[in-house]
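S.K.: Numbering-wise (this note's numbering), the sequence shown opens with residue 168 and increments by one. Let me give you the structure first, and then I'll get to my questions.
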Amino acid sequence: MTRWGMVIDLQKCIGCQTCTAICQQTHQVASHTPWRRVVECEMPGNPEEQRLFLPMGCMHCTHPPCLEVCPTTATYRRPDGIVDIDYERCVGCGYCMMACPYLARSLVSLNGTLPLAMGTGLPETSLLSQDLQGVCTKCNFCLPRIEAGLAQGLQPGVSPEASPACVIFCTAHALHFGDLEDAESPVSRLINERTTVRLQEALETDPAVHYLVGNLPLKGQELVPPMQQQVWGWPAVLNFVWGGMGTGVYLLGLLMTVLGMGQPAGLKLLAPVLVSLGFLAVTMEAGRPLRAPHLLRHLGRSWMSREALAGLLFLPLAFLDWLFPSPVFQVPAAIAAAGLMLSQGYILYRARAVTAWNVPLMPLLFVTMSLTAGIGLMLMLTPLWGGGSRLVLWGVIGVVLNLVLWLSYLYRSADTPFQKAIGALRQPHHLFLTVGVGYLLPLLLFLAWGVSSSLNIGVTLQPLIVVIAGLAILVGGLWQKQGIIRQAGYLRGVRV
């Protein structure tokens, strides 16, 4: 079985960026969304001027994390080992970028006037003609050249016409291409005869790109530092916030009904409205939102597909439950709500490139945050239905449980990349809003409510106390989730 791969000689690469330029010209790739790049690394111990040039692109892994999370199956792995993208299916959600530990993917967007493409003399809008605006793109080993060469009986890696453009035009002859499964291919001989390393081997992705290092002391080095993700912003945050809050409200409302506590009819309608707003918000961030039906293609492996299915089931069922209250609608709606809530946590957990998200505690943390947010919203609305006294105990339990999980997450013993990513969430101003406002203030208010009830003092202030406690929970929860997504969302550094 053929497996195409690449060998890069780091002792030969001079950092001229020729491979980057020819890649941009060959594929009409914009400079702000490169398929290849050469990173200049400061490396103590390197005898040659204390620096190293590291060419990087897609690693065409045997176990690509990007493929596992892609909700549309746009990312797929061919029998010859090349990982490619079906651009007609991609919705531009950026989830694959959160999963790729090699920083190999780019989201194509047209924001104003772009500079000229190197060597073409044409504005970098040529991707529009290929209908690639709003989708994720990456290196494909110049697949059209390989296929055209094979059709002519040429051997990729040996015949220039059948080899990737970057390999052919490398001025230092540092790039080599061929069949990794063929023991007699030039790349296989280099791997067998020389000292090689691969990036991020601890993640067990089995990349198809090998680096010749000679006597360079690279083992264990972080060659590319972590960088903050720029793809998911406030729209994604609002989806996590409103989606979690809506499902939390619905499940808690059903529990109240089961316990005979009763609930206002409007509360049932509020749940699907909130979830709808969350989906609407995240749709604003997708590059190709009209392709949303493709999100259901990867239910077997992608948690984003499962979130989409759960939401698609929950919305009509919850609405029907509001119109015609019945267990016939309530039971499947509750299952869908729980699935949506859990999926949101697993979406982050499966993003292997983001160390602050790829934590086993993340799904449970998001479930408790969603339920606690639901309690907070219910407490805020108590003046409309007078159910505050029955929710205070739930509020205490939810806040205490969530506080324990949050502190366990923040101060867990973990590797250095996690500690760097989580640093922003440990800053005093962030702790003030999450721990102080979101947890300690509600607990103090619940205590004041309890004292007031026991001593029959300030009874008229009790509704206000409950409302403020609910508002504090919501503010803290919002800041928690935006902190996880936006501030702690660092893509892991690239290690040997």
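Glycine residues also receive a C-beta, built at the ideal position from the N, C-alpha and C atoms. Small disclaimer: the values here were computed from a predicted structure and weren't measured.
Which value, in whole angstroms, describes the spacing of the CA atoms of Leu608 and Leu366?
M.R.: If you take the alpha carbons of Leu608 and Leu366, they lie about 46 Å apart.
S.K.: Taking the beta carbon of Val425 as the centre, do at least 16 other beta carbons fall within 10 Å, making it buried, or is it exposed?
M.R.: By the 10 Å Cβ count, Val425 comes out exposed.
S.K.: Just the C-alpha distance for Met451 and Trp399, rounded to the nearest angstrom, thanks.
M.R.: Computed Cα separation, rounded: 11 Å.
S.K.: Under a three-way DSSP split, which group does Ile189 fall into?
M.R.: Helix, per DSSP.
S.K.: Report the residue ranges of all alpha helix (DSSP H) runs contained in full by the segment 403 to 485; include only those spanning at least 4 residues, in chain order.
M.R.: Whole alpha helix (DSSP H) segments, 4+ residues: 432 to 450.
S.K.: Helix, strand or coil for Phe308, going by three-state DSSP, please let me know.
M.R.: Here Phe308 sits in coil by DSSP.
S.K.: Taking 7 Å as the limit between beta carbons, can you name the residues of its chain near Gly643, skipping five residues before and five after?
M.R.: Excluding residues within five positions, the ones whose Cβ falls inside 7 Å are Leu600, Thr601, Val604, Gly605, Tyr606.
S.K.: Please classify Met173: does DSSP put it in a helix, a strand, or coil?
M.R.: Here Met173 sits in strand by DSSP.
S.K.: Let me check understanding here. Comparing Cα to Cα, which of Met428, Gln497, Ala459 lies closest to Pro439?
M.R.: The shortest Cα separation from Pro439 among Met428, Gln497, Ala459 belongs to Gln497.
S.K.: Which whole runs of the alpha helix (DSSP H) in the segment 536 to 576 are 4 residues long or more, in chain order?
M.R.: Counting whole runs of 4 or more residues, the segment 536 to 576 contains the alpha helix (DSSP H) stretches 549 to 552.
S.K.: Can you give me the C-alpha to C-alpha distance between Cys309 and Pro331, rounded to a whole angstrom?
M.R.: So the alpha carbons of these two residues sit roughly 5 Å apart.
S.K.: Let me know if Val495 comes out buried or exposed under the rule of 16 or more other beta-carbons within 10 Å of its beta-carbon.
M.R.: Exposed.
S.K.: Leaving out five residues on either side along the sequence, give the residues of the same chain with a beta carbon under 6 Å from the beta carbon of Met547.
M.R.: Closer than 6 Å at Cβ, skipping near neighbours: Val634, Gly637, Leu638.
S.K.: In chain order, what residues of the same chain have a beta carbon less than 8 Å from the beta carbon of Ile358, not counting five sequence neighbours either side?
M.R.: Result list for Ile358: Val174, Leu347, His377, in chain order.
S.K.: Return the bridge partner residues of Gln395 from the DSSP annotation.
M.R.: The partner list for Gln395 (beta bridge, DSSP) reads Tyr657.
S.K.: Quick check: the Cα distance between Arg244 and Asp251, rounded to an integer number of angstroms?
M.R.: Taking the straight line from one Cα to the other gives about 6 Å.
S.K.: For the pair the segment 453 to 473 and the segment 260 to 278, tell me if three or more CB-CB distances fall below 8 Å.
M.R.: Yes, they touch.
S.K.: Quick one: give me the first and last residue of the alpha helix (DSSP H) that Cys263 is part of.
M.R.: That run of the alpha helix (DSSP H) goes 262 to 266.
S.K.: Looking only at C-alpha atoms, which of Arg519, Leu551, Thr193, Ile189 sits nearest to Ala369?
M.R.: Per the Cα distances, Arg519.
S.K.: Excluding sequence positions up to five away, which residues of its chain have a Cβ less than 7 Å from the Cβ of Ala655?
M.R.: Closer than 7 Å at Cβ, skipping near neighbours: Ala523, Ala588, Ile589, Ala591, Leu592.
S.K.: Is it a yes or a no for the segment 458 to 472 touching the segment 375 to 389, going by three-plus beta-carbon pairs under 8 Å?
M.R.: The segment 458 to 472 is not in contact with the segment 375 to 389.
S.K.: Can you tell me whether Gly562 is buried or exposed, with buried defined as 16 or more other CB within 10 angstroms of its CB?
M.R.: By the neighbour-count rule (16 or more Cβ atoms within 10 Å), Gly562 is buried.
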